[in-house]
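Report on one structure; see the data block that follows.
Protein chains: 2
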Amino acid sequence: MTEQAAAADRGAPRVLPLPDRSPAPRLGVAVVEALVDLIVSGALAPGDTLPPELPLSQQFGVSRTVLRESIKRLEEKGLVSVGQGRGRGTVVQPTRSWNTMDRVVLKALIAHDRTLGVLDELTVVRGQLEAAMAGETARTRSSVELDILRGALEDMRVSVHDAPVFNAADVTFHEIVMAASGNRLAESIARVLFERARESARYDVATPLSLRQETLREHERVFRAIEAGLVREAEESMRAHICDAWTRRRPPDHKGTQRLR
Amino acid sequence: MTEQAAAADRGAPRVLPLPDRSPAPRLGVAVVEALVDLIVSGALAPGDTLPPELPLSQQFGVSRTVLRESIKRLEEKGLVSVGQGRGRGTVVQPTRSWNTMDRVVLKALIAHDRTLGVLDELTVVRGQLEAAMAGETARTRSSVELDILRGALEDMRVSVHDAPVFNAADVTFHEIVMAASGNRLAESIARVLFERARESARYDVATPLSLRQETLREHERVFRAIEAGLVREAEESMRAHICDAWTRRRPPDHKGTQRLR
DNA sequence: TTGTCAAATAGGTATTACGTATGCTCCACT
DNA sequence: AGTGGAGCATACGTAATACCTATTTGACAA
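Protein chains in written order, with the numbering used here: chain A, 795 to 1055; chain B, 795 to 1055.
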């Protein structure tokens, strides 16, 4: 057996055996995620008081200090409010003061949503925001931005048979439109919503080729509107694309909970 | 000097000298606000590394534990990311990963915004979201909701000469429409934006009677559309109301930075 | 019986001190 | 020149302690 053959023998599964490589299982984030889940799932209802810090820390098997840090993060998310003094403690806040745009909170909201209502609502919001941004882009587009956008569209065309690459190009297209609109607040919100939706298992069903071709056609329509400076048409086509793309992927669960326009 | 005179001397301003009664000046929140301000204002740019925990805690005059809790909150807001090891430390994140919907962050963004661009952007977003919700409400309104909404409108009519009461009724009207729409995610976002805008000093200029009367007329138009079930008209009137209300209040600073539709 | 004040108590707040884990950096050895 | 290990800087995690604050409770007086 030659040197190279031996290397191939040993080396074959050694190149990428476990690429999952979790960077560091921080204690605090695990506690936060557990508590967020308890609250969002309803196991801890608004008005309920959590156990005192010491018992709770023992229950999670962490020190009181890291528990306190976790509570601070929950407070930051608007899920609880803490107060000292006998009979106070940390109490779960009403839903309306939750920070629904927070990564962990939104993720838990989607995960515990049986009727898919949250994803429906999310799609409406994203559609409205990206529609406005597409319209603004159609108004103020520069020839440079137009070229970049055309390039992203071309990337979608050539990769229509390669789902991962196509999806990446899809995302890029939206990013360009949002950045070109100049509305950084809307961009920030829409991006967060999009990321959470895409990382949801329910959103990312396998997409057959026909769906990608449909998606491509819709993007082409959006691009033509922006290119021609047709504000109204850019808005309408972008909103339609986002809502239609979701109805295409959406599991036929409770079809009519929220009308997607 | 008699005992009583001495008591009066000391006691005079003791009855209600400062009813501001701040509940408790927590150390952590002060540190967080200071750091958020440093980052949002640009004094600490993305990519910069903050001083190590110990020096920083000394600089703020707090213990290392308190500082660590504050850093955790900054991390939660997406402003910094921390990592251990030599040469790592806590480093300021790029703007795109900031949690712009966070109370403190959004407040700082508005405060440091010279051109009012953020408030312009905020108005566009709020207009889009409340328009969608008004349309949805026009579609699905129940007679009960319609009665409640009519009551809120009536409250505005009778209080048009009393600015504080009028403004409260104004807010109530919007809350009812948002709640009736059933889109809790949009409601949550729009509410946060509205609250931050209203608490901004630049937003809350003194409103003369004529402006309130104009506002009232716009609300009446929205109500009629919802009552009649005219989805498109409800959307359009709500969006127009929100944008117009802002242009009425808006200081004539940099008028054209963002077109309000 | 009712009103008021003060002590006891429960809970979070803040400090301090210590040990652990992790990644650079650099130097020594191959 | 490349590689491997020592050292170091820095954050992570635990523990013990003292303090501050709001509620409860009980005693005492009207």
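All C-beta atoms, glycine included, are put in the ideal place defined by N, C-alpha and C.
When the distance is taken between beta carbons, is residue j closer than 8 Å to residue i?
i: Ala855/B; j: Glu930/B; result: Sequence inspection shows Gly at residue 855/B; the Ala mentioned does not correspond to that position. No, the Cβ-Cβ distance between Gly855/B and Glu930/B is not below 8 Å.
i: Asp842/B; j: Val886/B; result: yes
i: Val834/B; j: Ala928/B; result: no
i: Leu1061/A; j: Arg990/A; result: This structure cannot speak to residue 1061/A, because chain A is shown only from 795 to 1055.
i: Arg820/A; j: Arg867/B; result: no
i: Ser982/B; j: Leu913/B; result: no
i: Glu1014/A; j: Leu943/A; result: no
i: Ile1036/A; j: Gly921/A; result: yes
i: Thr889/A; j: Val874/A; result: no
i: Arg935/B; j: Val1025/B; result: no
i: Glu924/A; j: Met972/A; result: yes
i: Glu1012/A; j: Leu979/B; result: no
i: Trp892/B; j: Gly872/B; result: yes
i: Leu1005/B; j: Arg1042/B; result: yes
i: Leu987/B; j: His955/B; result: no
i: Thr917/B; j: Trp1040/B; result: yes
i: Leu829/B; j: Ser864/B; result: yes
i: Glu939/A; j: Ala974/A; result: yes
i: Glu870/A; j: Glu1008/B; result: no
Is there a Cβ of chain A sitting closer than 8 Å to that of residue i, yes or no?
i: Val919/B; result: yes
i: Asp842/B; result: no
i: Val912/B; result: yes
i: Ala1000/B; result: no
i: Gln894/B; result: Looking at the sequence itself, residue 894/B is Thr, so the reference to Gln does not match. Chain A contact via Cβ: present.
i: Ser1031/B; result: no
i: Leu916/B; result: yes
i: Glu870/B; result: yes
i: Ser982/B; result: yes
i: Arg1042/B; result: no
i: Glu989/B; result: no
i: Glu1021/B; result: no
i: Arg880/B; result: no
i: Glu863/B; result: yes
i: Arg867/B; result: yes
Should residue i be flagged as near chain B, meaning a C-beta pair shorter than 8 Å?
i: Asn961/A; result: no
i: Gly834/A; result: Here residue 834/A turns out to be Val, not Gly, going by the sequence shown. Chain B contact via Cβ: absent.
i: Thr859/A; result: yes
i: Glu993/A; result: no
i: Arg815/A; result: Below a pLDDT of 50, predicted positions are generally treated as unreliable, and Arg815/A, at 45, falls in that range; the measurement from the model is reported next regardless. Cβ-Cβ to chain B under 8 Å: no for Arg815/A.
i: Lys901/A; result: no
i: Leu829/A; result: no
i: Gln922/A; result: yes
i: Leu979/A; result: yes
Considering only DSSP beta bridges, list what residue i is partnered with.
i: Val874/B; result: Val886/B
i: Thr785/B; result: In the structure as shown, chain B begins at 795 and stops at 1055. Residue 785/B is therefore absent and cannot be evaluated.
| query | At a cut of 8 Å, does the segment 819-829 of chain A reach the segment 845-861 of chain A through at least three beta carbon pairs? | reply | yes
| task | Would you be able to state if there are at least three C-beta pairs under 8 Å between the segment 958-966 of chain A and the segment 1018-1037 of chain A? | result | no
| Which residues, taken in chain order from the segment 845-856 of chain B, show a beta carbon closer than 7 Å to some beta carbon of chain A? | none
| task | With 8 Å as the C-beta to C-beta threshold (strictly closer), list the residues of the segment 925-953 of chain B near chain A in chain order. | result | Ala925, Ala926, Gly929, Glu930 and Arg933
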